[in-house]
Amino acid sequence: MKQRFLEQGINCIRTGLQATEDLDDDTQVLAGAYTPAMGELVDTRRYGRQLLSFLRSLPAGPGITICYNRRDTSRVRGYRNVTVKTARWSLPHRLTWRQDEVPVGHIRVCQGRTSYDLDVNSKTGPTMI
Numbered sequence: 001m002k003q004r005f006l007e008q009g010i011n012c013i014r015t016g017l018q019a020t021e022d023l024d025d026d027t028q029v030l031a032g033a034y035t036p037a038m039g040e041l042v043d044t045r046r047y048g049r050q051l052l053s054f055l056r057s058l059p060a061g062p063g064i065t066i067c068y069n070r071r072d073t074s075r076v077r078g079y080r081n082v083t084v085k086t087a088r089w090s091l092p093h094r095l096t097w098r099q100d101e102v103p104v105g106h107i108r109v110c111q112g113r114t115s116y117d118l119d120v121n122s123k124t125g126p127t128m129i
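The sequence shown maps to residues 1 to 129 in the numbering used here.
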């Protein structure tokens with residue numbers, strides 16, 4: 001849902017609940033999903049789905065370098081490196097992951113002499129750069 005909002009230009013200021021002492025108290029909350037990192041988990045999933053989908057569309061060939069802004073490291077690589085691990089076992093490509101001078105919210109994918117820009121907050125597909 002957050003992805004759809006962002007694609008339509010609707011800013012999401014919070015995903016999940018504001019962490020409070022009451023929410024951390026087991027006697028106050030009876031049921032339901034709660035984690036103080038809900039927004040980070042949602043963004044990890046959004047980034048991972050888009051990146052893995054795009055990587056699956058690339059032809060086999062030279063290694064691929066995935067570049068991202070330092071501030072997006074956990075979102076791109078995934079919580080506990082889940083995106084890195086998923087890519088390793090599900091894709092035939094040799095991948096290199098590195099922080100670089102990429103705008104926040106963008107992922108640059110380089111294969112040979114071809115580079116693509118993925119804007120994860122937009123509904124436009126990858127752009128060749």
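Where a beta carbon is used, it is the ideal one built from N, C-alpha and C, also for glycine.
Under 8 angstroms, do residue i and residue j count as touching if we go by C-beta distance?
i, j, result
"ARG105", "ASN121", "It should be pointed out that residue 105 corresponds to Gly in this sequence rather than to Arg. Yes, the pair counts as a contact, with Cβ atoms nearer than the cut-off."
"HIS93", "ILE129", "no"
"PRO52", "THR86", "As written in the sequence, residue 52 is Leu, which differs from the Pro given in the question. Yes, Cβ-Cβ distance for LEU52 and THR86 is below 8 angstroms."
"TYR68", "ASP100", "yes"
"GLY78", "GLY48", "yes"
Looking at the strands, I want to know which residues DSSP matches up with residue i.
i, result
"GLY97", "Reading the sequence as shown, one finds Trp at residue 97 and not Gly. According to DSSP, TRP97 bridges with ILE66."
"LEU118", "ILE107"
"THR124", "Paired residue(s): none; THR124 is not in a bridge."
Identify, in the order they occur along the chain, each residue of the same chain with its Cβ nearer than 8 angstroms to the Cβ of residue i, setting aside the five sequence neighbours on each side.
i, result
"ALA60", "PRO92, HIS93"
"SER115", "ARG108, VAL109, MET128, ILE129"
"ARG71", "VAL104"
"PRO126", "PHE54, VAL109, TYR116, ASP117, LEU118"
Over the uninterrupted beta strand (DSSP E) stretch that includes residue i, give me the two end residues.
i, result
"VAL102", "Counting along the chain, VAL102 falls outside any beta strand (DSSP E), and DSSP gives it neither H nor E."
Tell me which residues share the same chain as residue i and place their Cβ nearer than 7 angstroms to its Cβ, disregarding the 5 neighbours each side in the sequence.
i, result
"PRO62", "GLN111, GLY112"
"PRO103", "ASN69"
Exposed or buried, which one is residue i when buried takes at least 16 other CB atoms within 10 Å?
i, result
"THR44", "buried"
"ARG75", "buried"
"THR83", "buried"
Residues in the same chain with beta-carbon distance under 6 angstroms from residue i, minus the five sequence neighbours each way, listed in chain order, please.
i, result
"LEU55", "LEU91"
"ASP119", "HIS106"
Go to residue i, then tell me how far its alpha helix (DSSP H) extends in each direction, as first and last residue.
i, result
"TYR79", "Careful: TYR79 lies outside any alpha helix (DSSP H) and carries neither H nor E."
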